[in-house]
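K.L.:
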Amino acid sequence: MFKKGMRILLAAATVAPLLASSAWAAGMMTIIVNDPSNPYWLTEGNVAKAAAEKLGYTASVSAHKGDTNTESNLIDTAITNKSVAIILDPANADGSVGAVKKAVAAGIPVILVNAEINQEGLAKAQLVSNNAQGAALGAQQWVEAIGDKGNYAELFGAPSDNNAATRSNGYETVLSQYPDLKKAAKEVANWDRTQGHNKMQSMLQANPDIVGVISGNDEMALGAIAALKEAGKLANIKVGGFDGSPDAVAAIKAGELQYTVLQPVAVFSQEAVKQADSIIRTGNTGAKSEKQLFDCLLITKDNVDKYTGPFVLSQ
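Sequence positions in the sequence shown follow mature numbering (1 follows the signal peptide of the UniProt record, and there is no 0) and run -25 to -1, 1 to 290.
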């Protein structure tokens, strides 16, 4: 598993500086994200592309939208285009192993971001948020918002993504310490706002007495908020999110979302490109381990005004 996570402070100054442009650098760096309609993955792609271009590479951003066949085709394109490195947010912890193997067999170094695969020794690095640490932060804040008793519901992310289970387990570790908090419902909403809305409607119909909703990401949480507003229940049911998206921050300011856990995607997307550049230049990433954790930060009404840009919190 992961070694001890590194402590990251997300200041605006942390995201902006990049390595000086390398005159020697040339070639295509392929960046493959999940779905840029989600602001989290949009930021992931934008930051990585800007970092690569700053270092003198050309860069392309494409999306697999969680489909391993599309992902495999995009890897084939990267191989055909003679990419010098691939930055990949894998579609599936198990299902993406084959795509990574193809790139490695073609001699292209792969750096994984945001999500992991269930095999070590293929990717040169796997850079992800410290999801267990972030989930504990969120769950503690959620209990502070709703109190220590009552029935609640959980919205779970995509089962193909290990992050979903890691966050859910992190929530459970904290919430199980409160015996009067009972999980009345749990639904998979696949990181999606529309699914979060629809699953919240069905959970609310079956469990009208819930006092809170804890969500695996912001998009599902925002969908739940929409459903609760429609039902006239938002004032009495507290919702917590995870990601640190601009829409979640707006919802915190509006008093509709209790908190969000900010993932440092702007930091590790840039770091992934730096490590890819290091591999190309020196043959290694310069990091101590393949799997690298980046700690999350809590955003509440008390510090929301320090949110200075997409997924950036000044300290």
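Every residue, glycine too, gets a C-beta built ideally from N, C-alpha and C.
All values derive from a computational prediction rather than experimental measurement.
How far does the alpha helix (DSSP H) with ASN21 in it reach, from first residue to last?
P.N.:
From DSSP, the alpha helix (DSSP H) with ASN21 extends over 14 to 29.
K.L.:
Is it true that the CB of THR148 sits closer than 8 Å to the CB of ALA196?
P.N.:
In this structure, THR148 does not lie closer than 8 Å to ALA196 by Cβ.
K.L.:
If you draw a straight line from the alpha carbon of THR235 to that of GLY216, how long is it in whole angstroms?
P.N.:
Between THR235 and GLY216, the C-alpha separation is close to 4 Å.
K.L.:
Is the beta carbon of ILE274 less than 8 Å from the beta carbon of ILE227?
P.N.:
Yes, the Cβ-Cβ distance between ILE274 and ILE227 is below 8 Å.
K.L.:
Considering Cα atoms alone, identify which of VAL8, ASN48 and ASN165 is closest to SER135.
P.N.:
Selected option, being the one with the closest Cα: ASN165.
K.L.:
Give the C-beta separation of SER35 and ILE6 to the nearest angstrom, bearing in mind that I take them to be a contact with Cβ-Cβ under 8 Å.
P.N.:
Yes, they are in contact, since the Cβ atoms of SER35 and ILE6 sit about 7 Å apart, within 8 Å.
K.L.:
Do the CB positions of ALA160 and ALA128 come within less than 8 Å of each other?
P.N.:
A contact, by the Cβ cut-off of 8 Å.
K.L.:
State yes or no: is the C-beta of ILE255 within less than 8 Å of the C-beta of ALA120?
P.N.:
No.
K.L.:
Indicate whether LEU30 and ALA247 have their beta-carbon atoms separated by less than 8 Å.
P.N.:
In this structure, ALA247 does not lie closer than 8 Å to LEU30 by Cβ.
K.L.:
Exposed or buried, what is SER264 when buried is set at 16 or more other beta-carbons lying within 10 Å of its beta-carbon?
P.N.:
Exposed, by the Cβ-count rule.
K.L.:
Using a Cβ-Cβ cut-off of 7 Å (strictly less than) and excluding sequence neighbours within five positions of LYS158, which residues of its own chain qualify?
P.N.:
Closer than 7 Å at Cβ, skipping near neighbours: TYR127 and GLU129.
K.L.:
To the nearest angstrom, how far is the alpha carbon of ALA23 from that of GLU194?
P.N.:
Whole-angstrom Cα-Cα distance: 22 Å.
K.L.:
On the CB-based measure, 16 or more other CB atoms within 10 Å of its CB, does ALA(-3) come out buried or exposed?
P.N.:
Confidence at ALA(-3) is low in this model, with a pLDDT of 38, below 50, so its placement is unreliable and no value can be given for it.
K.L.:
Can LEU232 and LEU288 be called in contact, C-beta distance under 8 Å?
P.N.:
No, the pair does not count as a contact, with Cβ atoms beyond the cut-off.
K.L.:
Would you kindly work out how many angstroms separate the C-alpha atoms of ASN106 and PHE269, rounded to a whole number?
P.N.:
If you take the alpha carbons of ASN106 and PHE269, they lie about 9 Å apart.
K.L.:
So what does DSSP say about LEU97, is it helix, strand or coil?
P.N.:
In this structure, LEU97 counts as coil in the three-state DSSP scheme.
K.L.:
Pull the bridge partners of THR235 from the DSSP assignment, please.
P.N.:
Paired residues: ILE274.
K.L.:
If we count the other Cβ atoms within 10 Å of its Cβ and call it buried at 16 or more, is SER12 buried or exposed?
P.N.:
SER12 comes out exposed.
K.L.:
Which residues in the same chain as ILE93 place their Cβ atom closer than 8 Å to its Cβ, once the five residues preceding and following it in sequence are excluded?
P.N.:
Before going on, a small fix: residue 93 reads as Asn here, not Ile. Within the same chain, ASN93 has close Cβ partners ALA68, ASP69, VAL72 and ASN137.
K.L.:
Return the residue from the list VAL186, TYR146 and ALA139 that minimises the CA-CA distance to VAL163.
P.N.:
With distances taken between Cα atoms, VAL163 lies closest to ALA139.
K.L.:
With a Cβ-Cβ cutoff of 8 Å, do ASP155 and LYS124 count as a contact?
P.N.:
Yes, the Cβ-Cβ distance between ASP155 and LYS124 is below 8 Å.
K.L.:
Which residue spans inside the stretch 123 to 171 form an unbroken alpha helix (DSSP H) run of at least 4?
P.N.:
The qualifying runs are 137 to 150.
K.L.:
Between SER37 and VAL224, what straight-line distance do the alpha-carbon atoms span, to the nearest angstrom?
P.N.:
Answer to the nearest angstrom: the Cα atoms are 27 Å apart.
K.L.:
Whole angstroms is fine: what's the gap from GLY219's alpha carbon to PHE286's?
P.N.:
Their Cα atoms are separated by approximately 6 Å.
K.L.:
For the putative contact between ALA66 and ASN9, defined by C-beta atoms under 8 Å, what is the C-beta separation to the nearest angstrom?
P.N.:
Sure, about 7 Å apart at Cβ, within 8 Å.
K.L.:
Is it right to say THR260 is buried, meaning 16 or more other beta carbons lie within 10 angstroms of its own, or is it exposed?
P.N.:
Buried, since its Cβ has 16 or more Cβ neighbours within 10 Å.
K.L.:
Is THR257 buried or exposed, if buried means 16 or more other CB atoms sit within 10 Å of its CB?
P.N.:
Exposed.
K.L.:
Give the DSSP bridge partners of ASN33, in chain order.
P.N.:
Note that residue 33 is Thr in the sequence shown, not Asn. Beta-bridge pairing links THR33 to MET3.
K.L.:
Taking a contact to mean a Cβ-Cβ separation below 8 Å, would you say GLN170 touches GLY198 in this structure?
P.N.:
Yes, the Cβ-Cβ distance between GLN170 and GLY198 is below 8 Å.
K.L.:
Residue ranges of each beta strand (DSSP E) run of no fewer than 3 residues wholly in the stretch 187 to 271, ordered along the chain?
P.N.:
You should have 187 to 190, 213 to 215, 235 to 237 and 266 to 269.
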